[in-house]
Amino acid sequence: MISLETKLFGIKLDCIFNASGPLCTSEEELYNLEKSFSGAVLTKSCTIDPRKGNPEPRYFDTEWGSINSMGLPNLGYQFYSEMASKISNKPYIVSVSGMTPDDNISILEHLNCVDGVSAIELNLSCPNLIGKPQMAYDFKETDDFLYRICKDLRKPLGVKLPPYFDSVHFQKMADILNNYPISFVTCINSIGNGLVIDPHSESVVIKPKSGFGGIGGDFIKPTALANVRMFSKLLNCDISVIGCGGIKSGWDAFEHILCGASAVQIGTQLWKEGIGCFERISNELKLIMEEKGYQFVKDFRGKLKEI
Ligand code: RRO
45 MISLETKLFG
55 IKLDCIFNAS
65 GPLCTSEEEL
75 YNLEKSFSGA
85 VLTKSCTIDP
95 RKGNPEPRYF
105 DTEWGSINSM
115 GLPNLGYQFY
125 SEMASKISNK
135 PYIVSVSGMT
145 PDDNISILEH
155 LNCVDGVSAI
165 ELNLSCPNLI
175 GKPQMAYDFK
185 ETDDFLYRIC
195 KDLRKPLGVK
205 LPPYFDSVHF
215 QKMADILNNY
225 PISFVTCINS
235 IGNGLVIDPH
245 SESVVIKPKS
255 GFGGIGGDFI
265 KPTALANVRM
275 FSKLLNCDIS
285 VIGCGGIKSG
295 WDAFEHILCG
305 ASAVQIGTQL
315 WKEGIGCFER
325 ISNELKLIME
335 EKGYQFVKDF
345 RGKLKEI
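Residue numbering for the sequence shown is 45 to 351, as defined by this note's numbering.
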């Protein structure tokens, strides 16, 4: 019997679930995720107050993926906190992306005490907030901030990272993360500030930020795999890596796990295909494992060969 079970923050769950972003904002969407084959229910990143987000159009599908500049539309942390008691069949992970470090501290202080919140994924990498840099590109600020929040941590904490492209940056971020009681890192958020244009209309395709936005889908898989691989090697073994980026088939999930991911998240493909993607990708991954003679995720996790 092939099993997709993995262990994250001490909990057993199926290793394929949603990325924070698509179809995880409203009550109905969260219930739909609970009913689906997603291994967990992860919320849209939340702020203190509900937000409408950036002006539309703010998401655009391409053949190879997507560009978005949603601007953090969400129903506010109180709503996601209240949903914790309603999602009872799966691990419930709340993504947090306060507008300031103090906002994040307040939200985390609150969630620390909420039964039914299995873990928190702190988003340090939203690329779409006008005038706000991605915190995880500022190593000192990230270090100072983790120092503050880890003092009173009562829930398993994960950090959603942006893509890094430089060996020194991988090492610097890993050295910081290794100092804190972090349960997991998620690699990667969308590649920030890409530009998709339509040459026929000679126009950008999304409205906010003059058309600039986060890139997801096929093109970001090599970058995502590199980040998963690097952080799997550099982080303490008690910090799990969750892979996210360019996963639309069982083979893509297999590749992320081979690079060291303990679980994988589906973003762009969830936008495009809807929640049926979890069952399809899970079945595809199981078939691959069967053909290769692997029964468990741990049989091939991180076992990428170097030549
Ligand atoms: O809402 C967004 O614009 C958004 C967020 Br918070 C994020 O973390 N990553 C992304 O691509 N879009």
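All C-beta atoms in this analysis are idealised placements derived from N, C-alpha and C, irrespective of residue type, glycine included.
CB-CB length for G202 against G109, believed under 8 Å: Between G109 and G202 the Cβ distance is about 24 Å, and since that is not below 8 Å, they are no contact.
DSSP-derived helix/strand/coil call for G109: strand
Own chain partners of P145 with C-beta closer than 6 Å, once the 5 adjacent residues on each side are dropped: F189
Beta-carbon spacing of D196, N148 below 8 Å: no
DSSP-derived helix/strand/coil call for A163: strand
Segment contact flag, the region 279-296 with the region 227-238, C-beta cutoff 8 Å, min 3 pairs: yes
Sufficient close CB pairs (3 or more, under 8 Å) joining the region 110-123 to the region 245-258: yes
Residue range of the beta strand (DSSP E) that includes C288: 284-288
Collapsed DSSP secondary structure at G318 in the structure displayed: coil
Best match in T186, D105, E100, F123 for proximity to S89 [C-alpha to C-alpha]: F123
Sequence ranges, beta strand (DSSP E) only - wholly within the region 231-296, length at least 3: 235-239, 256-261, 284-288
Contact check, T87 vs S70, beta carbons under 8 Å: no
Proximity of G142 and I151 at Cβ, strictly below 8 Å: yes
Spatial neighbours of L348 in its chain, beta-carbon cut-off 8 Å, leaving aside the 5 residues before and after: R273, L302, C303, G304
Neighbour-count burial assignment, R345, 16 or more Cβ in a 10 Å radius: buried
Cβ-based burial, V248 [other Cβ within 10 Å; buried from 16]: buried
Given 8 Å, three or more beta-carbon pairs between the region 231-241 and the region 159-178: yes
Simplified DSSP assignment, three categories, for I137: strand
Beta-carbon gap between I60 and V308 smaller than 8 Å: yes
Alpha carbon of I310 to alpha carbon of R192, nearest angstrom: 30 Å
Same chain only: Cβ atoms within 6 Å of F263, ignoring 5 sequence neighbours per side: W108, G109
Other residues of its chain near E153: CB distance less than 6 Å, five sequence neighbours each side excluded: none
G255: CB within 7 Å of a non-hydrogen atom of ligand 1: no
Near ligand 1: G65 beta-carbon under 7 Å from a heavy atom: yes
Simplified DSSP assignment, three categories, for D58: strand
One or two residues paired with F228 in a DSSP bridge: G202, S284
Contacts around P66, its chain only, beta-carbon distance under 7 Å, and the 5 residues preceding and following it disregarded: G311, L314, W315
Residue burial classification, L331 (beta-carbon count within 10 angstroms, cutoff 16): exposed
N-terminal and C-terminal residue of the beta strand (DSSP E) that V308 is part of: 307-310
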